[in-house]
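Everything on this sheet refers to the single structure shown next.
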Amino acid sequence: MKPDKILSLLGIAAKSGSVVSGEFATEKAVKDGKAYLVIVASDASDNTKKLFDNATAFYQVPMYLYADKESLGHFIGKEFRASLAITNEGLARSLEDKLKQMLATE
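Be aware that the sequence shown starts at 2, since it is given in our numbering, and climbs by one per residue.
The structure is reproduced here in structure tokens:
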């Protein structure tokens with residue numbers, strides 16, 4: 002597995018306490034206005050994707066499908082995670098920039 006800048010940044014964000022993960026906590030962060038970026042695993046269920054697609058659209062939080070549940074969980078020091086939210090605005094912007102660059106080159 003090649004080093005992944007985005008997953009590495011997620012690890013840093015998790016260590017600084019700027020990540021909430023799991024469906025309930027992620028959804029709560031979005032609704033409470035604490036989430037600046039939501040990442041949903043590309044292998045999450047369609048229901049999970051739809052839930053966050055709707056919630057992030059309504060609350061105007063950027064959302065990206067990225068990596069798989071195992072990788073997302075691993076890099077934030079947890080088991081499988083289908084969704085997570087970044088609660089630090091600076092880290093969220095930095096991650097979003099990297100995601101946009103990566104998606105632009107695919």
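All C-beta atoms, glycine included, are put in the ideal place defined by N, C-alpha and C.
**Message:** Suppose only complete runs of 3+ residues qualify. What are the beta strand (DSSP E) ranges in the stretch 30 to 70, listed by chain order?
**Reply:** Runs of beta strand (DSSP E) with 3 or more residues, each lying fully within the stretch 30 to 70, are found at 38 to 41, 64 to 66, listed in chain order.
**Request:** For V1, I'd like the list of residues in its chain whose CB is within less than 7 angstroms of its CB, leaving aside the five on either flank, ordered along the chain.
**Result:** In this structure the chain extends from 2 to 107, so residue 1 is not present and cannot be described.
**Request:** For S19, I'd like the list of residues in its chain whose CB is within less than 7 angstroms of its CB, leaving aside the five on either flank, ordered along the chain.
**Result:** The sequence position of residue 19 within the sequence shown is 18, counting from 1. Within the same chain, S19 has close Cβ partners I87, T88, N89, L92.
**Message:** Does the structure place the stretch 35 to 51 close enough to the stretch 59 to 78 that three or more beta carbon pairs sit under 8 angstroms?
**Reply:** The stretch 59 to 78, when compared against the stretch 35 to 51, does touch it at the 8 angstroms Cβ threshold.
**Prompt:** Given a threshold of 16 other Cβ atoms within 10 Å of its Cβ, counted over all protein chains shown, does A36 qualify as buried or as exposed?
**Reply:** Reading the sequence shown from its first residue, position 35 is the one you call residue 36. Buried is the call here.
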